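Participant:
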Amino acid sequence: MNTIILIAADLAAISILTLALYLRRHRRRDLVVSYLGMNVGVLAVATALSGSAAGVGLGLGLFGVLSIIRLRSTELAQHEVAYYFSALALGLIAGIGVEPLWLTLALMALVLLVMFVGDNPRVLPAYRHQTVVLDRAINNEPELYARLEEVLSGTVHSATIQELDMVNDKTIVDVRYAVRPQQPRHSQLGFDQPAGALSPAPQELPAHHAQPAVPTSAGVA
Numbered sequence: 032m033n034t035i036i037l038i039a040a041d042l043a044a045i046s047i048l049t050l051a052l053y054l055r056r057h058r059r060r061d062l063v064v065s066y067l068g069m070n071v072g073v074l075a076v077a078t079a080l081s082g083s084a085a086g087v088g089l090g091l092g093l094f095g096v097l098s099i100i101r102l103r104s105t106e107l108a109q110h111e112v113a114y115y116f117s118a119l120a121l122g123l124i125a126g127i128g129v130e131p132l133w134l135t136l137a138l139m140a141l142v143l144l145v146m147f148v149g150d151n152p153r154v155l156p157a158y159r160h161q162t163v164v165l166d167r168a169i170n171n172e173p174e175l176y177a178r179l180e181e182v183l184s185g186t187v188h189s190a191t192i193q194e195l196d197m198v199n200d201k202t203i204v205d206v207r208y209a210v211r212p213q214q215p216r217h218s219q220l221g222f223d224q225p226a227g228a229l230s231p232a233p234q235e236l237p238a239h240h241a242q243p244a245v246p247t248s249a250g251v252a
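Each residue of the sequence shown is one higher than the one before, counting from 32 in this note's numbering.
#1: Quick one: which unbroken alpha helix (DSSP H) runs of 4-plus residues sit fully inside the stretch 139 to 200? Chain order, please.
#2: Give me, in chain order, the residues of the same chain whose beta-carbon lies closer than 7 Å to that of Leu-67; leave out the 5 immediate sequence neighbours on both sides.
#3: For the alpha helix (DSSP H) holding Thr-78, just list the boundary residues, first then last.
#4: Measure the alpha-carbon distance for Ala-113 versus Tyr-53 and round it to whole angstroms.
#5: Quick one, which of Leu-136, Leu-42, Glu-111 and Ala-120 has its alpha-carbon nearest Arg-60's?
#6: Which residue from Val-129, Ala-108 and Glu-180 puts its Cα closest to that of Ala-77?
#7: Does the stretch 192 to 209 come within contact of the stretch 148 to 161, defined as at least 3 CB pairs closer than 8 Å?
#8: Report all residues from its chain with a CB closer than 7 Å to the CB of Ile-192; omit the five preceding and five following residues, and keep chain order.
#9: Am I right that Ala-40 and Ala-125 are in contact with their C-beta atoms under 8 Å? What's the rounded C-beta distance?
#10: Thinking just about the alpha-carbon of each residue, which of Ile-38, Met-146, Leu-80 and Ser-189 is nearest to the one in Gln-109?
#11: Got a sec? Which residues, its chain only, sit under 7 Å from Ser-117 by beta carbon, not counting five neighbours each side?
#12: Determine the DSSP secondary structure at Ala-209, reduced to helix, strand or coil.
#13: Roughly how many angstroms lie between the CA atoms of Ala-43 and Ala-79, to the nearest whole one?
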């Protein structure tokens, strides 16, 4: 009975992880298929091995073997690697079935909670990571930081020079920075009043004093 409950719990957990979290936030359908297939495959193998005496050891060995697999089709970002290991961990936890039952379910819920919070766009929303190619060879750190902050419109926290080309006058930098909050567009254009407000009437120009007429020279009669 516990096995059926754990399988159902794993299917629900991997559906939440891939469809409700990953696909909704990152929109990569190909990795959703990869996460689902890997999770169910690991769940099946771990469930089959859990009946033997060496089930736990073989499960951990399977985790280690799968952890060194490198997907060579496309490069994975760090958050995608985190989803990859989370899907793997959910399958192993449900397949091995730690006693008591509530502990297994709690561990699976913990994995989902960590991914929900850690990959939430509201967590450190201003922080960015970028590789920048500058059109100048800059080896002076204060000058480099000033140039990067000018280009990125943010506050640079760290900058690592990956390539300094003195011949072609080029610098490739790995930058971690935080973007500055931008002002609303109406403030930049000078329209600070709310919509519908009447603008003040322009001040009248000072009236010029009438200049006395200059008499023209009259001809002599």
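No residue lacks a Cβ here, since even glycine has one placed at the ideal position from N, Cα and C. On a predicted model such as this, the values are computed, not experimentally measured, just so you know.
Facilitator: Put simply:
#1: 172 to 183
#2: Numbered from 1 along the sequence shown, position 36 holds the residue referred to as residue 67. Closer than 7 Å at Cβ, skipping near neighbours: Ile-45 and Thr-49.
#3: Residue mapping note: residue 78 aligns to position 47 of the sequence shown, counting from 1. Segment 60 to 80, the alpha helix (DSSP H) holding Thr-78.
#4: Position 82 of the sequence shown holds residue 113. Position 22 of the sequence shown holds residue 53. The alpha-carbon atoms of Ala-113 and Tyr-53 are separated by roughly 11 Å.
#5: The count along the sequence shown starts at 1 and reaches residue 60 at position 29. Taking only the C-alpha atoms, the option nearest Arg-60 is Glu-111.
#6: Taking the first residue of the sequence shown as position 1, residue 77 is located at position 46. Ranking Val-129, Ala-108 and Glu-180 by Cα distance to Ala-77 puts Val-129 first.
#7: yes
#8: Translated into the one-based positions of the sequence shown, residue 192 becomes position 161. So the qualifying residues of the chain are Thr-202 and Val-204.
#9: Stepping through the sequence shown from its first residue, residue 40 is reached at position 9. Stepping through the sequence shown from its first residue, residue 125 is reached at position 94. Yes, Ala-40 and Ala-125 are in contact; Cβ-Cβ is about 6 Å, under 8 Å.
#10: If you number the sequence shown from 1, residue 109 lands on position 78. When each option's Cα is compared against that of Gln-109, the closest is Met-146.
#11: For the purposes of this step, residue 117 is taken as the residue at position 86 of the sequence shown. Here the set comprises Leu-48, Val-142 and Met-146.
#12: Position 178 of the sequence shown holds residue 209. Strand at Ala-209.
#13: Position 12 of the sequence shown, counting from 1, holds the residue named residue 43. Position 48 of the sequence shown, counting from 1, holds the residue named residue 79. So the two alpha carbons sit approximately 20 Å from each other.
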